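In what follows, a single structure is set out as C-alpha cells and then discussed.
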Amino acid sequence: MIRDYYNRNALDEKLRGAPRPPGVNHLAIGHRQAVAMVLAVAGEEDSVESLLSSATDFAVRFSAPGEWLVVSENDTPEGLQRRLNALCSGRAHIVDQSEARVLFRLSGPATRRILAKGIGLDLHPTALATGASANALCGHISVNLARTGEDTFELIAPRSLAQSLFDDLMTMGREYDLTAAFAA
Amino acid sequence: MASLITCPHCGVRPKEEFAIRGDASLVRPAPTASDEAWHDYVYVRTNPRGRTLEHWQHVAGCRRFLVVERDTFTHDVHSVTDGAAFARENGR
Numbered sequence: 001m002i003r004d005y006y007n008r009n010a011l012d013e014k015l016r017g018a019p020r021p022p023g024v025n026h027l028a029i030g031h032r033q034a035v036a037m038v039l040a041v042a043g044e045e046d047s048v049e050s051l052l053s054s055a056t057d058f059a060v061r062f063s064a065p066g067e068w069l070v071v072s073e074n075d076t077p078e079g080l081q082r083r084l085n086a087l088c089s090g091r092a093h094i095v096d097q098s099e100a101r102v103l104f105r106l107s108g109p110a111t112r113r114i115l116a117k118g119i120g121l122d123l124h125p126t127a128l129a130t131g132a133s134a135n136a137l138c139g140h141i142s143v144n145l146a147r148t149g150e151d152t153f154e155l156i157a158p159r160s161l162a163q164s165l166f167d168d169l170m171t172m173g174r175e176y177d178l179t180a181a182f183a184a
Numbered sequence: 001m002a003s004l005i006t007c008p009h010c011g012v013r014p015k016e017e018f019a020i021r022g023d024a025s026l027v028r029p030a031p032t033a034s035d036e037a038w039h040d041y042v043y044v045r046t047n048p049r050g051r052t053l054e055h056w057q058h059v060a061g062c063r064r065f066l067v068v069e070r071d072t073f074t075h076d077v078h079s080v081t082d083g084a085a086f087a088r089e090n091g092r
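Residue numbers (this note's numbering), protein chains in the order written: chain A, 1 to 184; chain B, 1 to 92.
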C-alpha cells in the first residue's frame with residue numbers, strides 16, 4: 001500500500017468541516033507547496049548561498065550554517081528537486097521535505113503578540129527584519145521561523161509535530177480570535 | 001544560570017534552546033595514555049566557581065556545538081564561539 005502523505009495534510013483532521021471565514025488574525029496552513037532541504041558540501045557553503053540567493057522562483061530559509069530550507073509555491077516536489085539539483089550541480093545535497101514539513105502562515109496585526117507567547121526571540125522588525133529566518137523553539141517544538149512581511153510570519157514544522165503546534169498556536173491566538181484554514 | 005546566549009549563527013536566544021554538553025577545556029588523551037589519564041578525562045570533573053568553558057549545543061536552532069565561556073558565579077557570558085572554529089583556533 002502506498003501512503004500518499006503529500007496529498008494528505010497532517011492537519012486534515014484538525015480542520016475538518018466547512019471553513020470559517022478568515023478573521024483579522026489568521027493562520028493559513030500551506031497546501032501543496034514544495035519544501036526541500038539544501039545541505040552544502042563542505043567548503044562550498046558560500047557558493048551555494050550565493051547561488052540560492054540569486055534565484056527568485058522560491059523562498060530560501062536559513063536553518064543552520066550550510067543548511068537551508070527552500071519553499072516553492074509553484075513547483076511540484078520533484079520539480080523543485082530537479083531545479084535545485086541543476087542549480088547547485090554537485091555543490092549541495094538536496095533532500096525533498098514536502099511530505100515531512102507543514103507550513104503555517106500567520107498574518108494579522110496581533111501576530112507578534114501571539115508568537116511572543118511561545119517564541120523567546122525578539123520579533124521587532126529591527127531585530128528580525130522582513131525576509132529573515134532562523135530555527136527557533138515555539139513552545140517545546142523546534143520550528144523554522146521566517147518573517148515574510150511586517151505582520152506575517154511563516155513557521156515550518158515537522159509533520160509529526162504539526163497537530164501539537166497547531167493546538168499551541170490556536171491557544172496562543174485565542175485571545176486575539178485567531179482563525180485557521182487551509183491556504184487557498 | 002546565564003539565560004541569554006548569543007549564538008554566532010542564530011543571534012540572541014533563550015537558554016531553553018540549548019543542551020549543555022559538558023566541559024570544553026578537556027583535551028582527549030592519546031589512545032596509549034595511561035589508565036589514570038583516561039580515568040581523569042572520562043570521569044573527573046571540577047566544579048568551578050568563576051569562568052568556565054562549556055560545550056553548548058543549539059539543539060532547537062542551528063544544531064551546532066558552541067563553546068560558551070561563562071561565569072558560574074556572576075552568570076556573565078563572556079564569549080560564544082562555534083565549536084569547529086574553537087577547535088581550529090586551539091589546534092585540536
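Backbone N, C-alpha and C fix where the C-beta goes; we use that ideal spot for every residue, glycine too.
Fair warning: this is a prediction, and the values are worked out from it, not measured in the lab.
Contact under 7 Å by Cβ, residue i with residue j
{"i": "Cys92 of chain A", "j": "Val38 of chain A", "result": "In the sequence as displayed, the identity of residue 92 of chain A is Ala instead of Cys. Contact flag set, yes."}
{"i": "Val67 of chain B", "j": "Ala24 of chain B", "result": "yes"}
{"i": "Asn144 of chain A", "j": "Ser72 of chain A", "result": "no"}
{"i": "Leu161 of chain A", "j": "Leu106 of chain A", "result": "no"}
{"i": "Thr126 of chain A", "j": "Asp151 of chain A", "result": "no"}
{"i": "Thr130 of chain A", "j": "Gly108 of chain A", "result": "no"}
{"i": "Ala85 of chain B", "j": "Glu17 of chain B", "result": "no"}
{"i": "Asp45 of chain A", "j": "Gly66 of chain A", "result": "The question names Asp, yet the displayed sequence has Glu at residue 45 of chain A. Contact flag set, yes."}
{"i": "Gln75 of chain A", "j": "Ala34 of chain A", "result": "Before going further, note that residue 75 of chain A is Asp rather than Gln in the sequence given. The answer is yes: Cβ separation under 7 Å."}
{"i": "Leu52 of chain A", "j": "Val41 of chain A", "result": "no"}
{"i": "Gly173 of chain A", "j": "Gly139 of chain A", "result": "no"}
{"i": "Thr52 of chain B", "j": "Thr81 of chain B", "result": "no"}
{"i": "Thr179 of chain A", "j": "Arg20 of chain A", "result": "yes"}
{"i": "Phe153 of chain A", "j": "Lys14 of chain A", "result": "no"}
{"i": "Gly120 of chain A", "j": "Pro8 of chain B", "result": "no"}
{"i": "Leu128 of chain A", "j": "Arg113 of chain A", "result": "no"}
{"i": "Asp57 of chain A", "j": "Pro77 of chain A", "result": "no"}
Boundaries (first-last residue) of the beta strand (DSSP E) holding residue i
{"i": "Thr81 of chain B", "result": "Val77 to Asp82"}
{"i": "Thr130 of chain A", "result": "Run containing Thr130 of chain A: none; DSSP gives neither H nor E here."}
{"i": "Ile119 of chain A", "result": "Counting along the chain, Ile119 of chain A falls outside any beta strand (DSSP E), and DSSP gives it neither H nor E."}
{"i": "His26 of chain A", "result": "His26 to Ile29"}
{"i": "Glu154 of chain A", "result": "Thr152 to Pro158"}
Chain A contact for residue i (CB, 7 Å cutoff)
{"i": "Thr75 of chain B", "result": "Correcting the residue identity first, residue 75 of chain B is His in this sequence and not Thr. No, no contact with chain A."}
{"i": "Ala2 of chain B", "result": "no"}
{"i": "Arg21 of chain B", "result": "no"}
{"i": "Ala60 of chain B", "result": "yes"}
{"i": "Arg63 of chain B", "result": "yes"}
{"i": "Glu89 of chain B", "result": "no"}
{"i": "His78 of chain B", "result": "no"}
{"i": "His9 of chain B", "result": "yes"}
{"i": "Glu69 of chain B", "result": "no"}
{"i": "Glu17 of chain B", "result": "yes"}
Nearest residue (CA-CA) to residue i, options the options
{"i": "Leu11 of chain A", "options": "A:Ala18, A:Ser63, A:Gly139 and A:Val102", "result": "A:Val102"}
{"i": "Gly83 of chain B", "options": "B:His55, B:Thr74, B:Thr72 and B:Arg70", "result": "B:His55"}
{"i": "Arg93 of chain B", "options": "B:Ala37, B:Gly22 and B:Ile20", "result": "The requested residue 93 of chain B does not occur in the structure, where chain B is confined to residues 1 to 92."}
{"i": "Ser142 of chain A", "options": "A:Asp168, A:Asp96 and A:Ala132", "result": "A:Asp168"}
{"i": "Val48 of chain A", "options": "A:Leu15, A:Asn85, A:Lys14 and A:Asn74", "result": "A:Asn85"}
{"i": "Arg21 of chain B", "options": "B:His39, B:Arg13, B:Arg45 and B:Ala30", "result": "B:Arg45"}
{"i": "Ala2 of chain B", "options": "B:Asn90, B:Pro8 and B:Glu69", "result": "B:Glu69"}
{"i": "His75 of chain B", "options": "B:Arg13, B:Arg49 and B:Arg92", "result": "B:Arg49"}
{"i": "Gly30 of chain A", "options": "A:Tyr176, A:Ala18, A:Asp122 and A:Ser98", "result": "A:Ser98"}
{"i": "Pro158 of chain A", "options": "A:Arg147, A:Thr56 and A:Asn135", "result": "A:Asn135"}
{"i": "Ala19 of chain B", "options": "B:Asn47, B:Ser79, B:Gln57 and B:Val42", "result": "B:Gln57"}
{"i": "Asn25 of chain A", "options": "A:Ser164, A:Ala36, A:Leu115 and A:Asp122", "result": "A:Leu115"}
{"i": "Leu80 of chain A", "options": "A:Ile94, A:Ser89 and A:Gly90", "result": "A:Ile94"}
{"i": "Leu155 of chain A", "options": "A:Pro77, A:Thr56 and A:Leu69", "result": "A:Leu69"}
Cutoff 7 Å: residue i Cβ touching any chain B Cβ
{"i": "Leu106 of chain A", "result": "no"}
{"i": "Leu137 of chain A", "result": "yes"}
{"i": "Gly66 of chain A", "result": "no"}
{"i": "Ser142 of chain A", "result": "yes"}
{"i": "Gly120 of chain A", "result": "yes"}
{"i": "Ala134 of chain A", "result": "yes"}
Element boundaries [alpha helix (DSSP H), containing residue i]
{"i": "Val36 of chain B", "result": "The identity of residue 36 of chain B in the sequence shown is Glu, whereas the question assumes Val. Asp35 to Tyr43 is the span of the alpha helix (DSSP H), which, as asked, contains Glu36 of chain B."}
{"i": "Ala86 of chain A", "result": "Pro77 to Cys88"}
{"i": "Arg112 of chain A", "result": "Thr111 to Leu115"}
{"i": "Leu4 of chain B", "result": "Where Leu4 of chain B is concerned, there is no enclosing alpha helix (DSSP H), although the beta strand (DSSP E) it sits in stretches over Leu4 to Cys7."}
{"i": "Val48 of chain A", "result": "Glu45 to Ser54"}
{"i": "Thr171 of chain A", "result": "Ala162 to Gly173"}
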